[in-house]
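Okay, so here's the structure we're looking at.
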Amino acid sequence: MIANRLRASLYFLCFAGVAVLFRLFYWQVIAGESLAALAESQHNALLEIPASRGKILSRDNFDLVSNQPAFLAYAYRPHLTTDVYSIAKLLAPIVHPDPPETTTSAQLIETMIKDAEATLAARLSGERWIWAPLGRKLLLQKKQAIEQLQLKGIDFEPEQIRYYPEASMAANLVGFVGDNSNGNPQGYFGLEGYYDLELKGRPGIIRQQKDATGKPILVGTFGGYEPKNGRNLKLHLDRSIQRVSEIELAKAIERYGAKSGEIIIMDPRTGGIIALATEPKYNPVKYQDYDRSLYKNSTIADAYEPGSTFKVIVMSSALDADVIKPDTICDACDGPIEIGKFTISTWNNKYYPDTTMTEVIQHSDNTGMVFVGNKLGKEKLYEYLQKFGIGSPTNIDLQEETVTQMKPQKKWGDIDVATASFGQGIAITAMQMITAVTAIANDGILMQPRVVEKIIGETTVALPPKPVRRVISKKAADEMTEMMVNAVQSGEAQWTKIPGYRIAGKTGTAQIAVAGHYDAEKTIASFVGFAPADDPKFVMLVKLREPTSSQWAADTAAPLWMRLARQLFLYYGIPPQE
Amino acid sequence: MSKRSIITAIIFASIALGVANIVASSSIATRGSKLQELEQQADQLESQAHELERSIASLQSLLRIEARANELGLTVPASMITLTSPEPVALLP
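Chains as they are written, first to last, in my numbering: chain Z, 18 to 595; chain S, 422 to 514.
Below, the structure is given as structure tokens:
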């Protein structure tokens, strides 16, 4: 009997021992990793310290784009004492998304509040959650409003959002910060997109041991790394000139009934972008409310046929190649020119027999430019256009630059040489156009356009002016400058000239190609020039799309250019020379 | 010194060190809450600094300066005269 009991006890103990061994095997081997992680999470806190995104500063060190504090509101379930439906009802009027800028409809706002309440209620009424977000990127006022409700279990994590002290100034140049697919902030378009890596920095991590109440233990182990804030960008951009450019552009679009417009002002010696204005534009704070087509910077992303402004590129090439001189007489300018089945005529059907090259630019004479194009020849013309950067990106430090390739030289016919000589049948961006003209203003040296002057961080990196190549000789550049001064003094736009100043410039009225033919009514009016002509302080391009008050650049783009130039002379303290 | 008194001294020293260790650990651990408070205070101050920076930028913006200038009745001059050569200080009689 006793022996049986002892045997039974032995079996039981053996069985219990095996069961314990199995359980230990399960804990140590099978569930070991997850249990260790669970213990780790109970003992250690892993805190992410967000890095501040770098600022974007104008030339006068003003914060064109900076950061402002914002907060992520969240609920921590174990500490909640109020019922979740009441929480949703109380918070919805505070955390609901802002309505679009253009809307003031009380009904829409009411709907948004109801939607927010339903979303919060659905999120909080679920069973399987400990932590739930209630609102992201809430400004300080909203945080304070939530705090006043004194709800237990509702807390905040600091965040940062972009702040624009000058509102939508230079929005298309700056770009915006949105969320990427992981919900992390990322720069899109313009500088925010191009310099995203420099601007965003790297968040820090603090790893510390905590006690049973979640408080840090000082004798515990610490670890992690410090956050590395993003680097600041200092621009060549002058915010006063930018502001004036944006005001004048908006007024011009209204005055001339244009669809859109662009102004670029560049320093010819450095290639620095002093101002870049586009209309229409968007508000980077509420970029979601605007059509996506407005995000891109049209001066670098939209190609157009430049028309007569392009004549200065071809003429200066011919001067450099020494195939013409300013006083060379055109022997083919007494009437329309036939090339195959095409007829090239002047813009006003007026012809000037025995006209000089200076007068060809003055009258914006297409037949004279065909004469110049033929003198230069297909190979040389193509080679010079490439040297001026046509068909290549300018490599400006903005994200969305696109470039239209030129047709291969071997496919160029006589008609291509003829039309290219007066700026049609060739597509370029406004940035390519002004960069090419900057080479004329800069004694023949092409500069790379640059928006950023310095990247400021732990170490400051200066981005010095970058000459790309010599395109034409100084002599050719000087001769071309004189021809452009004459065009302003005596050309179609002479009524707009500013007395006492020597300004080099050229108008351009280009027809817009629609479905394979040029629309007779729709034009792109532009004016490109620099001043003072003998020692240029700025190069400026203005462009108006489809002006309706007059289709001609001399009546629209030229007066806009001169109005802005007057203000620049005053701002820079440049007195009249004559 | 006898062997017994050395052992007694070691025992007392060990007890004293043990107590000191417990007191120090307890004291330091309880300061965790103070550390948490200080971290929160640092966050608040940093947040205030950002808010003040934002206010400075807002006050210095051209938009505000323009609005203020308009309030004060300042206007752009309608015409301007540029002196291209120095004016004589006095004319000879």
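Glycine included, C-beta positions come from ideal geometry on N, C-alpha and C.
Only a predicted model underlies this, so the values are computations on that prediction, with no experimental measurement involved.
With distances taken from CA atoms, which of the options is nearest residue i?
i                     : options                       : result
residue 500 (chain Z) : Z:184, Z:115, Z:381 and Z:284 : Z:381
residue 396 (chain Z) : Z:413, Z:594, Z:430 and Z:534 : Z:430
residue 594 (chain Z) : Z:377, Z:551, Z:129 and Z:475 : Z:551
residue 427 (chain Z) : Z:214, Z:166, Z:398 and Z:100 : Z:398
residue 195 (chain Z) : Z:502, Z:389, Z:183 and Z:177 : Z:177
residue 540 (chain Z) : Z:165, Z:562, Z:174 and Z:168 : Z:562
residue 66 (chain Z)  : Z:106, Z:148, Z:246 and Z:30  : Z:246
residue 141 (chain Z) : Z:171, Z:292, Z:543 and Z:179 : Z:171
residue 436 (chain Z) : Z:528, Z:96 and Z:79          : Z:528
residue 574 (chain Z) : Z:139, Z:587, Z:557 and Z:584 : Z:557
residue 442 (chain Z) : Z:418, Z:348, Z:323 and Z:523 : Z:323
residue 418 (chain Z) : Z:207, Z:346, Z:407 and Z:568 : Z:207
residue 413 (chain Z) : Z:165, Z:87 and Z:464         : Z:464
residue 554 (chain Z) : Z:503, Z:403 and Z:283        : Z:283
residue 157 (chain Z) : Z:174, Z:393 and Z:150        : Z:174
residue 416 (chain Z) : Z:577, Z:200, Z:315 and Z:58  : Z:315
residue 464 (chain S) : Z:87, Z:70, Z:39 and Z:53     : Z:87
residue 456 (chain Z) : Z:495, Z:592, Z:479 and Z:270 : Z:495
residue 222 (chain Z) : Z:570, Z:64 and Z:57          : Z:64
residue 278 (chain Z) : Z:335, Z:513 and Z:311        : Z:311
residue 565 (chain Z) : Z:275, Z:420, Z:408 and Z:536 : Z:275
Using three-state DSSP, classify residue i as helix, strand or coil.
i                     : result
residue 145 (chain Z) : coil
residue 213 (chain Z) : helix
residue 284 (chain Z) : coil
residue 252 (chain Z) : strand
residue 468 (chain S) : helix
residue 329 (chain Z) : helix
residue 464 (chain Z) : strand
residue 89 (chain Z)  : strand
residue 451 (chain S) : helix
residue 564 (chain Z) : coil
residue 94 (chain Z)  : helix
residue 61 (chain Z)  : strand
residue 49 (chain Z)  : helix
residue 80 (chain Z)  : strand
residue 200 (chain Z) : coil
residue 4 (chain Z)   : The question about residue 4 (chain Z) has no answer, for chain Z in this structure spans 18 to 595.
residue 536 (chain Z) : strand
residue 295 (chain Z) : strand
residue 242 (chain Z) : strand
residue 598 (chain Z) : The shown model of chain Z, from 18 to 595, leaves out residue 598 (chain Z), and the question about it has no answer.
residue 42 (chain Z)  : helix
Verify the CB distance criterion: does residue i have a CB-CB separation below 8 Å to chain Z?
i                     : result
residue 483 (chain S) : yes
residue 496 (chain S) : no
residue 429 (chain S) : no
Is the CB of residue i under 8 Å away from at least one CB in chain S?
i                     : result
residue 80 (chain Z)  : yes
residue 180 (chain Z) : yes
residue 67 (chain Z)  : no
residue 592 (chain Z) : yes
residue 175 (chain Z) : yes
I want to see whether chain A comes within less than 8 Å of residue i, judged by CB atoms only; does it?
i                     : result
residue 430 (chain Z) : Included in the structure are the protein chains Z and S, with no chain A among them.
Chain S contacts from the region 83-101 of chain Z (Cβ-Cβ distance under 8 Å): 83, 84, 85 and 86
Using a Cβ-Cβ cutoff of 9 Å, what residues of the region 182-214 of chain Z are near chain S? List them in chain order. 182, 183, 184 and 186
Listed in chain order, which residues of the region 254-282 of chain Z have Cβ atoms closer than 8 Å to some Cβ of chain S? 256, 257 and 260
Chain-ordered residues of the region 463-479 of chain S with a beta carbon less than 7 Å from chain Z: 464, 468, 471, 472, 474, 475, 478 and 479
Closer than 8 Å, Cβ to Cβ, to anything on chain S: give me those residues from the region 135-158 of chain Z, in chain order. 157
Cβ contact check for the region 178-196 of chain Z and the region 299-306 of chain Z: 3 or more pairs under 8 Å: yes
Output, in sequence order along the chain, the residues in the region 503-519 of chain Z whose CB is closer than 7 Å to any CB in chain S. none
If the cut-off is 7 Å on Cβ atoms, which residues from the region 331-358 of chain Z count as contacting chain S, listed in chain order? none
Count the C-beta pairs between the region 281-288 of chain Z and the region 475-491 of chain Z that are closer than 8 Å, then say yes if the count reaches three, no if not. yes
Determine, using beta-carbon pairs with one atom in the region 153-165 of chain Z and one in the region 125-141 of chain Z, whether at least three such pairs fall under 8 Å. no
Check whether the region 326-339 of chain Z and the region 370-389 of chain Z are in contact - that is, three or more C-beta pairs closer than 8 Å. yes
Count the C-beta pairs between the region 78-85 of chain Z and the region 466-482 of chain S that are closer than 8 Å, then say yes if the count reaches three, no if not. yes
On the three-pair Cβ rule with 8 Å, is the region 104-112 of chain Z touching the region 123-135 of chain Z? yes
Just checking, does the region 576-592 of chain Z make contact with the region 478-494 of chain S on the three C-beta pairs under 8 Å criterion? no
For the region 370-380 of chain Z against the region 449-466 of chain Z, do three or more pairs of beta-carbon atoms, one drawn from each stretch, fall closer than 8 Å, so that the two count as touching? no
Meets three-Cβ-pair contact criterion under 8 Å: the region 145-156 of chain Z and the region 91-103 of chain Z: yes
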